[in-house]
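**Q**
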Amino acid sequence: MKQINVTPSTVQPTPRPVALPSRHRLILPSPLVWRPVLLVAVVALLLLAAQSALLSARQPVQQLDIASRDMQYVLSGFHQAEQDTRGAYRWTAGESTIRFDEIGQGQLQVLTLQLGPAPPVPAAPDFTLVYGRHSLSIPIALEPRRYQLMVPPDASTGGSLTIALQSATVTVGDDPRPVALRVEGASLLFTGSPVVLVTPGLALLQVLVLAMGATMALRLRLPTLAQVAVLVLLALALLAGAAFERLLFGSHLLRLTLALALLTVLTLVLCPRRTASSVAGSAAPAARAMGDCTAGNRGAAGRVTLSAVWRVRPGAEPGATGADYQRRPDCNKPLD
-17 MKQINVTPST VQPTPRPVAL PSRHRLILPS PLVWRPVLLV AVVALLLLAA
33 QSALLSARQP VQQLDIASRD MQYVLSGFHQ AEQDTRGAYR WTAGESTIRF
83 DEIGQGQLQV LTLQLGPAPP VPAAPDFTLV YGRHSLSIPI ALEPRRYQLM
133 VPPDASTGGS LTIALQSATV TVGDDPRPVA LRVEGASLLF TGSPVVLVTP
183 GLALLQVLVL AMGATMALRL RLPTLAQVAV LVLLALALLA GAAFERLLFG
233 SHLLRLTLAL ALLTVLTLVL CPRRTASSVA GSAAPAARAM GDCTAGNRGA
283 AGRVTLSAVW RVRPGAEPGA TGADYQRRPD CNKPLD
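Under my numbering, the residues of the sequence shown are numbered -17 to 318, in order.
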């Protein structure tokens, strides 16, 4: 009988894909990071585009309101506002300045200065108008005058234009105040360009305001729709401020940025983010309960998780903690 030798066949294992080392993997940021950043970027672009459209549609003029008390943020070296038959005016006190926080930037800037009648006996025949590195000597007239000057772009520094009025002073009658020029109005017009853009400084401050608003909404763990609503409301407020408070928009925006920065720091300190190690001890039992329980009991386990994170007592079972659910071996039974 012929003997047949059978050799056992070797089965080759199916090759498995080899995982790439971690340094070759494409690491994408968490959605919790890029979603707020993308949302802030979109809202900021829409806000700046809307502000630029408003500035370009109408003449972007920053008008000085002489009688307003808010002029203390703009004027320096002026006496208090007064009123007569010609309207409101302020006397300069020798060396006075007017600061325009420019809201837009165009190719040309036109400064308009409205001066009232000079004192009966002027202290000097002329006064000096200084803007940036430029200066101009203008004769003092006894009758009202209106001056319009083309301001070069290099006269602005840091997004603001400072106009200095320098003149000798004189006292009139029984008034002991030293006065020089009667200023009845001033304005700054941005022109020469079909599209007037927001200045970089104001754009940066507005982006910071939106970013801080998104940070606080994220730290407070608001829903996504609530975060969007917060950013939209902030953008609408900034848009309204730029449209109706052009002269003081820069000053108000700076104070708003500082206030929001303080509020953001307080939010980050008072509402710290819980780390995984600190939450694991109390939230892990509830997480296991949520994985094993029926649909009727997952709500209770979810309330325990919220109580562990937010330190809020569950309303259904006062005093219940994650350990109470851990001691219940059969989670499928209804909770007492």
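For every residue, glycine included, the Cβ atom is placed at its ideal position computed from N, Cα and C.
Which residue comes first and which comes last in the alpha helix (DSSP H) that contains P182?
**A** Residues 182 to 201.
**Q** What do you reckon, are the CB atoms on I80 and L147 nearer than 9 Å?
**A** With a cutoff of 9 Å on beta-carbon distance, I80 and L147 are scored as near each other.
**Q** Using CA coordinates, which residue listed in L186, G195, T197 is at the minimum distance from G232?
**A** Measuring C-alpha to C-alpha distances from G232 to each of L186, G195, T197 identifies L186 as the nearest.
**Q** Let me make sure I understand the geometry here. Which of A106, L229, E84, L190 has the alpha-carbon closest to that of L216?
**A** L190
**Q** Do you know whose CA, among I145, Q130, P126, M132, lies nearest A100's CA?
**A** P126
**Q** DSSP three-state label for S138, please.
**A** In the structure shown, S138 sits in coil (DSSP, three-state: anything other than H, G, I, E or B).
**Q** Strictly by DSSP, which residues pair up with P121?
**A** Bridge partners of P121: D108.
**Q** Taking C-alpha atoms, which residue in T197, A222, L21, T144 lies nearest to V251?
**A** T197
**Q** Please confirm whether R71 and G98 have their CB atoms less than 9 Å apart.
**A** Residue identity differs from the one stated: residue 71 is Tyr in this sequence, not Arg. Yes, the Cβ-Cβ distance between Y71 and G98 is below 9 Å.
**Q** Kindly confirm or deny that the stretch 85 to 95 and the stretch 153 to 173 touch, where touching means at least three C-beta pairs closer than 8 Å.
**A** yes
**Q** Measuring straight from C-alpha to C-alpha, what distance separates L57 and R17?
**A** 43 Å
**Q** Is L248 buried or exposed, if buried means 16 or more other CB atoms sit within 10 Å of its CB?
**A** exposed
**Q** Suppose the cutoff is 7 Å on Cβ atoms and the five residues either side in sequence are ignored; what does the same chain contact list for L326 look like?
**A** Residue 326 lies beyond the range of the chain shown here (-17 to 318); nothing can be said about it.
**Q** Under 9 Å between the Cβ atoms of S38 and V177?
**A** yes
**Q** Say the cut is 8 Å; is the CB of A106 nearer than that to a heavy atom of the ligand NAD?
**A** Among the ligands in the structure shown, none appear at all, so the ligand NAD cannot be discussed.
**Q** By Cβ distance, which residues of its chain are closer than 6 Å to A26, with the 5 residues on each side in sequence left out?
**A** V189, L192
**Q** Roughly how far, in whole angstroms, is the beta-carbon of G86 from the beta-carbon of P42, given that I think they are within contact range, below 8 Å?
**A** 4 Å
**Q** With 16 other CB atoms within 10 Å as the buried threshold, where does G141 fall?
**A** buried
**Q** Mind checking which residues open and close the beta strand (DSSP E) that includes L81?
**A** In the sequence as presented, Leu is not what sits at residue 81; that position holds Arg. Unbroken beta strand (DSSP E) run through R81: 69 to 83.
**Q** Nearest to G223 by CA position, among A137, L184, D156, T139, is which residue?
**A** L184
**Q** So, at 7 Å on beta carbons, what are the nonlocal neighbours of A225 in its own chain, with the 5 sequence-adjacent residues on each side left out?
**A** So the list reads L36, once near-sequence residues are dropped.
**Q** Using the Cβ count rule (16 or more neighbours within 10 Å means buried), how would you classify R159?
**A** exposed
**Q** Which residue wins for smallest C-alpha separation from L179, given the options D108, I120, L30?
**A** Taking the Cα of L179 as reference, the smallest distance to any Cα among D108, I120, L30 is reached at L30.
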